[in-house]
Amino acid sequence: MLDFFSNGKLGHRLGVFLDVDGVLNTEADWKRPFTLNPACLRAFRAALDLAGERFDEVTVVLMSTWRKGWNPTYQPPHLRELCETLPIEGITPDAPGVLPRGKRGKEVRYYYHRHAMDAVVVVDDDRSLYTTMDRMRLTTFFTDAATGFTELDTERFLDAVKKAAKKNKKS
256 MLDFFSNGKL GHRLGVFLDV DGVLNTEADW KRPFTLNPAC LRAFRAALDL
306 AGERFDEVTV VLMSTWRKGW NPTYQPPHLR ELCETLPIEG ITPDAPGVLP
356 RGKRGKEVRY YYHRHAMDAV VVVDDDRSLY TTMDRMRLTT FFTDAATGFT
406 ELDTERFLDA VKKAAKKNKK S
């Protein structure tokens, strides 16, 4: 992890596209809909803070089904806690008429092509929502839904952030 902190800034703005179920909670938590797992949330927030040491700004964009009901002026209870903990910038648009396979990748690309970001990392637990091409073009980080995001995921996440910044500099 020391390598992540050397060599100064990676860019001005990092965009993290976030799924919630299987990332900020675990399969065991799914018995109660719209539940955040405190340990997963804490670990993810800490990883974002570390990434923020190499970027001027880190923003989170919800691409999860949790985005349903999003309203910038009033948040339903399940989103309020999330927005109080993470720097949520907004949500990806729903891509109607798209088959489930590849849907998320299309939504992510639509969003980040319209917002200035120096690096983009997609954080999800479900690979099936992305085409092979999406996984090659986007920097994706997948968690294990059984555990959600853990402290052990931090180093892999920071590697993904670094990869995303390098990928953008080559473009």
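Residues 256 to 426, numbered by the numbering used here, are exactly what the sequence shown covers, in order.
Think of the CB as a built atom: it goes at the ideal place given N, C-alpha and C, for glycine as much as any other residue.
The model shown is predicted, which means the values in this text are computed figures rather than measured ones.
In its own chain, which residues sit with a C-beta less than 7 Å from the C-beta of residue i, not counting the 5 before and 5 after it?
i           : result
residue 402 : 281
Return helix, strand or coil for residue i, following the three-state DSSP convention.
i           : result
residue 310 : strand
residue 426 : At residue 426, the pLDDT of 48 sits below 50, so the modelled position is not reliable; the number obtained from the coordinates is stated separately. In the structure shown, residue 426 sits in coil (DSSP, three-state: anything other than H, G, I, E or B).
residue 272 : strand
residue 266 : strand
residue 354 : No answer about residue 354 holds up, because its pLDDT of 41 lies below 50 and its placement is not dependable.
residue 340 : helix
residue 368 : coil
residue 320 : helix
residue 412 : helix
residue 381 : coil
residue 387 : helix
residue 278 : coil
residue 419 : helix
residue 360 : helix
residue 298 : helix
residue 374 : strand
Of all the options the options, which has the alpha carbon lying nearest to the alpha carbon of residue i?
i           : options               : result
residue 386 : 361, 406 and 373      : 361
residue 341 : 301, 384 and 285      : 301
residue 364 : 415, 394, 383 and 305 : 394
residue 370 : 382, 315, 396 and 321 : 315
residue 295 : 409, 335, 420 and 417 : 409
Contact check, residue i vs residue j under 8 Å by CB: the rounded distance?
i           : j           : result
residue 372 : residue 270 : 4 Å
Would you report the Cα separation of residue i and residue j, rounded to the nearest angstrom?
i           : j           : result
residue 326 : residue 367 : 20 Å
residue 411 : residue 376 : 12 Å
residue 344 : residue 288 : 23 Å
residue 388 : residue 382 : 12 Å
residue 354 : residue 318 : Unreliable placement is indicated for residue 354, whose pLDDT of 41 sits below 50; the coordinate value is still reported in the next sentence. Rounded to whole angstroms, residue 354 to residue 318 spans 16 Å at the Cα level.
residue 265 : residue 304 : 14 Å
residue 290 : residue 406 : 19 Å
residue 396 : residue 277 : 12 Å
residue 329 : residue 399 : 31 Å
Using a Cβ-Cβ cut-off of 6 Å (strictly less than) and excluding sequence neighbours within five positions of residue i, which residues of its own chain qualify?
i           : result
residue 263 : none
residue 311 : 267
residue 324 : 331
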